[in-house]
Amino acid sequence: MASPKERAAKAGGLAVALREALGKRGGLWFGWSGETRPNAPAEPKVVRSGKVMYALQDLDPEDQRAHYAGYANGTLWPLCHYRLGALSFRRTDWEGYRRVNAHFARALLPLLKPDDIVWVHDYHFILLAAELRKLGFEGRIGYFHHIPWPTPEVFLSLPSHAALVRDLAQYDLVGLQTENDVRALLTYLSTEARAWIAPGGVVGLNERRFRVAAYPIGIDADAFVKDAAASVGSEEEERLQSSLAGRVLAVGVDRLDYSKGLPNKFAAFGELLNHYPQHRSRVTMMQIAPLSRGEVAEYRALRRELEELGGAINGEYAEFDWVPLRYLNRPFPRATLAAIYRASKLGLVTPLRDGMNLVAKEYVAAQDPDDPGVLILSRFAGAADELTGALLVNPYDVEGMAETFDAGLTMSREERRERWGANMIKVQTNTIHNWCERFIADLSQIADHFAEAPEP
Ligand code: ADQ
-14 MASPKERAAK AGGLAVALRE ALGKRGGLWF GWSGETRPNA PAEPKVVRSG KVMYALQDLD
46 PEDQRAHYAG YANGTLWPLC HYRLGALSFR RTDWEGYRRV NAHFARALLP LLKPDDIVWV
106 HDYHFILLAA ELRKLGFEGR IGYFHHIPWP TPEVFLSLPS HAALVRDLAQ YDLVGLQTEN
166 DVRALLTYLS TEARAWIAPG GVVGLNERRF RVAAYPIGID ADAFVKDAAA SVGSEEEERL
226 QSSLAGRVLA VGVDRLDYSK GLPNKFAAFG ELLNHYPQHR SRVTMMQIAP LSRGEVAEYR
286 ALRRELEELG GAINGEYAEF DWVPLRYLNR PFPRATLAAI YRASKLGLVT PLRDGMNLVA
346 KEYVAAQDPD DPGVLILSRF AGAADELTGA LLVNPYDVEG MAETFDAGLT MSREERRERW
406 GANMIKVQTN TIHNWCERFI ADLSQIADHF AEAPEP
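Its first residue numbered -14, the sequence shown is counted upward by one per residue in the numbering used here.
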């Protein structure tokens, strides 16, 4: 279990923004309590705080394993990140996933009023709408998928694809991160599920109508701007600068997850030091990678691989007064991250696949407008659609990445400002608050979208 301090540091922008949105309107926050106990009944613990009611549900330990480490993170996560080699599918996990979704629906239903709007988050709960409908709930239900939606060829590898999508159709609104994701799901729906699709993403499947649309998630840009500006001259910033002793910093911040492309990023940094020796002793890379999902075997293997790779780079290139790679496996408060982003001349965001990637946006928001750093961004992150001022890389091309790191390190101030300006406009326009408002407004008015869609 994480300590209270770590939990606070981990509470990302998303949880804070959703809590804020709920706080304004008043509403119910429903989720897993983080506790397991055998045969947990469908009775959540309910606590009221201001206008918000928090209802937290316990799970049976075997259901929790099959649902979380099993189907959600052992099947759906690798599938949606195009990692078929890491995908494992067991019918018992799929059944556990269904049981947990049904259990949640039973616990949630008594707390709902008929005209409530329900917003479900992420791939752990794709079946929740269908389970609520079975129990008779007819109100509006929306779903946001935070991770990529894979192309039909990849999605078809999932043995339960048809059942999953049949239940997905019980939502009124399905939100995805990018237009690419929308295209992938609509193509599957029209070619495999024989659905009809009207302009605006309205879908007819069996007797259901629902809408699929892109809602690229943003960050609380103002908070990052403020935190980063406040870090200048702070004790923390002074400690960081004195540890760098005038060297340039390149930063990466990613959960320790195989989708984030960390071994390729480490290898590219090694390649930079190898092929561009002028950067030796001049550039320090800091990779912050808090541990995640240690109960899944692939994550434990990745941790060992990174320790080995990082150790090899430091062993080969370190000087008695310079360690090339600083590798930290813990969470940090937002203000500390903002200070580190601000102090870094390169932001290295190089996932193999990512729904959006908020770190890319946080890095942009934290820069000094006068002397901004350069964002190096994987073309396979959803954020690449919006952040056109970044230097885009293919994370499978390690030598290409090293070349781009070098280009970022030697870029003129004028070009850095121009690129940063283009990115910052996007980050400030599409914030987490706008994203929340837009999704909720569209879900509230979903009947209008259906009325406008022509019959097939
Ligand atoms: P994640 O895969 O977790 O999110 P990301 O979008 O980068 O990826 O969000 C990570 C968040 O955690 C960021 O806000 C970051 O600041 C924070 N964080 C990371 N390391 C931290 C540390 N050491 N200490 C404190 N905070 C840390 C999923 C999808 C993404 C999608 C988001 C939101 O995989 O593609 O962008 O949801 O939809």
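We treat Cβ as the ideally placed atom computed from N, Cα and C, and that holds for glycine. These numbers come from a predicted model, not from an experiment.
Quiz prompt | Among L171, A387, I132 and F209, the one whose alpha carbon lies nearest that of V412 | solution = F209
Exercise. Enumerate in chain order the residues of its own chain whose CB-to-CB distance from T373 is below 7 angstroms, with the five nearest sequence positions on each side excluded.
Key: A407
Quiz item: D306 by DSSP, collapsed to three states: which one?
Solution: coil
Exercise. Return yes when the C-beta of N24 is under 6 angstroms from any heavy atom of ligand 1, and no when it is not.
Key: no
Self-check item: Beta-carbon contacts of R91 that lie in its chain and below 6 angstroms, excluding the five residues immediately before and after
Solution: A27
Self-check item: Residues that DSSP places opposite T269 in a beta bridge
Solution: L234
Quiz item: Under the rule that 16 or more other beta-carbon atoms within 10 Å means buried, what is M(-14), buried or exposed?
Solution: With a pLDDT of only 32 at M(-14), under the threshold of 50, the placement of this residue in the model should not be trusted; the figure read from the coordinates follows. Looking at its Cβ environment, which holds fewer than 16 other Cβ atoms inside 10 Å, M(-14) is exposed.
Practice problem: Hey, could you find the ends of the beta strand (DSSP E) A139 is sitting in? | Solution: Strictly speaking, residue 139 in this sequence is Val, with Ala absent from that position. Here V139 belongs to no beta strand (DSSP E); instead the alpha helix (DSSP H) covers P137 to F140.
Exercise. Please find out if some non-hydrogen atom of ligand 1 comes closer than 6 angstroms to the beta-carbon of L291.
Key: No, the Cβ of L291 stays beyond 6 angstroms of every heavy atom of ligand 1.
Practice problem: Helix, strand or coil for M386, going by three-state DSSP, please let me know. | Solution: In the structure shown, M386 sits in a helix (DSSP, three-state: H, G or I).
Exercise. Could you give the DSSP three-state label for D212: helix, strand or coil?
Key: In the structure shown, D212 sits in a helix (DSSP, three-state: H, G or I).
Quiz item: Taking DSSP as the reference, what is the three-state secondary structure of L331?
Solution: strand
Quiz prompt | Rounded straight-line distance, which links the Cα of R265 to that of M271 | solution = 15 angstroms
Quiz item: Cβ of R240 versus every heavy atom of ligand 1: is any distance shorter than 6 angstroms?
Solution: yes
Quiz item: Are H130 and L161 closer than 7 angstroms when you measure CB to CB?
Solution: yes
Exercise. Run the CB neighbour count on K36, radius 10 Å, all protein chains shown included, and call it buried at 16 or more, exposed below.
Key: Classification for K36: exposed.
Quiz item: Per DSSP, what kind of secondary structure is G35 in: helix, strand or coil?
Solution: coil
Exercise. Return yes when at least one heavy atom of ligand 1 lies under 6 angstroms from the C-beta of N415, else no.
Key: no
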